[in-house]
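**Student:** Heads up: the protein sequence lines correspond to chains Z and P, in order. So the first sequence is numbered by numbering that gives the first Met the number 0: it starts at 0 and just counts up by one. So the second sequence is numbered by numbering that gives the first Met the number 0: it starts at 0 and just counts up by one. All C-beta atoms in this analysis are idealised placements derived from N, C-alpha and C, irrespective of residue type, glycine included. If you're wondering where the values come from, they're calculated on a predicted model, not measured in any experiment. This structure is in structure tokens; I'll ask about it shortly.
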Amino acid sequence: MTLRRFNLPLWSGFLLTLVSVFTFFGVLVWIPATRNFPWVTLGLFLLAAVLLIVGVRRAFSANQAKPRRAKIGAVVLTGFSAFLIAAFVFAFFVAARWLPASTGAPQVGQRAPEFTLADTSGKPVSLTELLATPINGNAPKGVLLIFYRGYW
Amino acid sequence: MRSIEQSLPALNAQGIRPVAISIDSPEVSRNLAQHAGYTFPILSDPKVETIRRYDLVHAGAGENGADIARPAEFLIDTSGTVRWVNLTENYWIRAQPEDVLEVAKLLK
């Protein structure tokens, strides 16, 4: 492949798509400002889409004799990138909202249901104990219960 | 949970003890705590009993179709009364420690 024939926008668009996805799950997902609304990732996707469109136009431009291989390559890379972007947007904005309504969850002013559950050492711990055990030698003011999906 | 760990000194200074709950076994939770450096208590509800009592069961959403907890946060005062609730509509979007600290100021 000669340098002249190398479709730089196409390949950089494809690589940028991969980098966007990996940086989201590797780094940005840990930062509330870039996770609660993934504007960095969406911005990178937009840039990648522009590069891919430029790359596809170049591969299919009439005034340049391009081998068939370049056209197929452009379609495959762009298709794969589009799939990744669509999958991310779907996972973030659609699938992540498939949560139960939880209308029966305790509301402000109601009593929190008591429980006794094992901690990481297997020792049973109750809500009453958690609310009574001093924090750094001071009487506690409350417990923040955080229910999460699990580590798997 | 990482942002909770980062804000743990501030939360503790306000008298707030964060406690995490999932269906994971104590072993899995211990691995998570070691791996991620979490030092607050993590409790295990493998039979989904407490999660069900709080109406937070997300049926079949876990590994191999297991019932798991949907993400949710509750601030409970020492009388056992709920003072603040966050039921997120998107599991990527979680409560921030700043929100909790704001409410914690009102607790006695």
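Does DSSP put residue 80 (chain P) in a helix, in a strand, or in coil?
**Tutor:** Of the three classes helix, strand and coil, the one that applies to residue 80 (chain P) here is strand, per DSSP.
**Student:** Can you name the start and end residues of the alpha helix (DSSP H) that residue 8 (chain P) belongs to?
**Tutor:** Per DSSP, residue 8 (chain P) belongs to the alpha helix (DSSP H) from 7-12.
**Student:** How many angstroms separate the CA atom of residue 5 (chain Z) from the CA atom of residue 87 (chain Z)?
**Tutor:** Distance between the alpha carbons of residue 5 (chain Z) and residue 87 (chain Z) is about 28 angstroms.
**Student:** Following the continuous alpha helix (DSSP H) through residue 69 (chain Z), name the residue where it begins and the one where it ends.
**Tutor:** Start and end: 67-92.
**Student:** Assign residue 68 (chain P) to one of three DSSP states: helix, strand, or coil.
**Tutor:** Here residue 68 (chain P) sits in strand by DSSP.
**Student:** Just to make sure I have the definition right: I need the residues of chain Z whose C-beta is within less than 9 angstroms of the C-beta of residue 47 (chain P). Which are they?
**Tutor:** Residues of chain Z passing the Cβ test: none, with the nearest at roughly 11 angstroms.
**Student:** Grab me the residues of residue 16 (chain P)'s own chain with a C-beta within less than 8 angstroms of its C-beta, minus the 5 sequence neighbours each way, in chain order.
**Tutor:** Answer for residue 16 (chain P): 10, 39 and 40, listed in chain order.
**Student:** Please classify residue 29 (chain Z): is it buried, with 16 or more other beta-carbons within 10 angstroms of its beta-carbon, or exposed?
**Tutor:** That one is exposed.
**Student:** For residue 99 (chain Z), I'd like the list of residues in its chain whose CB is within less than 7 angstroms of its CB, leaving aside the five on either flank, ordered along the chain.
**Tutor:** Hits under 7 angstroms: none found.
**Student:** Check whether chain P comes within 9 angstroms of residue 38 (chain Z), counting only Cβ atoms and requiring the distance to be less than that.
**Tutor:** No, because no Cβ of chain P sits closer than 9 angstroms to the Cβ of residue 38 (chain Z).
**Student:** Do residue 13 (chain Z) and residue 46 (chain Z) have their beta-carbon atoms positioned less than 9 angstroms apart in this structure?
**Tutor:** Not a contact, by the Cβ cut-off of 9 angstroms.
**Student:** In the DSSP assignment, find the unbroken alpha helix (DSSP H) run with residue 43 (chain Z) in it and report its ends.
**Tutor:** Taken as a continuous stretch (DSSP letters only), the alpha helix (DSSP H) holding residue 43 (chain Z) covers 38-59.
**Student:** What would DSSP say about residue 107 (chain Z), mapped onto helix, strand or coil?
**Tutor:** If DSSP states are grouped into helix, strand and coil, residue 107 (chain Z) belongs with coil.
**Student:** Pick from Z:58, Z:126 and Z:70: whose alpha carbon is nearest that of residue 81 (chain P)?
**Tutor:** Among Z:58, Z:126 and Z:70, the Cα nearest to that of residue 81 (chain P) is on Z:126.
**Student:** Quick check: what's the CA-CA separation for residue 168 (chain Z) versus residue 92 (chain Z)?
**Tutor:** Here chain Z has residues from 0 to 151 only, and residue 168 (chain Z) is not among them.
**Student:** Looking at chain P, is there any beta carbon in it that lies within less than 9 angstroms of the beta carbon of residue 10 (chain Z)?
**Tutor:** Not closer than 9 angstroms to any Cβ of chain P, the Cβ of residue 10 (chain Z) fails to qualify, so no.
**Student:** If I follow the unbroken beta strand (DSSP E) through residue 60 (chain P), where does it start and stop?
**Tutor:** Looking at the DSSP string, residue 60 (chain P) is not in any beta strand (DSSP E), and its letter there is neither H nor E.
**Student:** Going straight from the alpha carbon of residue 54 (chain Z) to that of residue 71 (chain Z), what length do you get?
**Tutor:** For residue 54 (chain Z) and residue 71 (chain Z), the distance between alpha carbons rounds to 12 angstroms.
**Student:** Count the C-beta pairs between the segment 134-149 of chain Z and the segment 75-93 of chain P that are closer than 8 angstroms, then say yes if the count reaches three, no if not.
**Tutor:** Contact between the segment 134-149 of chain Z and the segment 75-93 of chain P is present, because at least three Cβ pairs lie under 8 angstroms.
**Student:** On the criterion of 16 or more Cβ atoms from any shown chain inside 10 Å, does residue 72 (chain P) qualify as buried, or is it exposed?
**Tutor:** That one is buried.
**Student:** So, residue 50 (chain P) versus residue 66 (chain P), is the Cβ gap smaller than 9 angstroms?
**Tutor:** Contact: yes.
**Student:** Could you list which residues in chain P have their beta carbon closer than 9 angstroms to that of residue 19 (chain Z), in chain order?
**Tutor:** Within chain P, no residue comes near residue 19 (chain Z); the closest Cβ sits about 16 angstroms away, beyond 9 angstroms.
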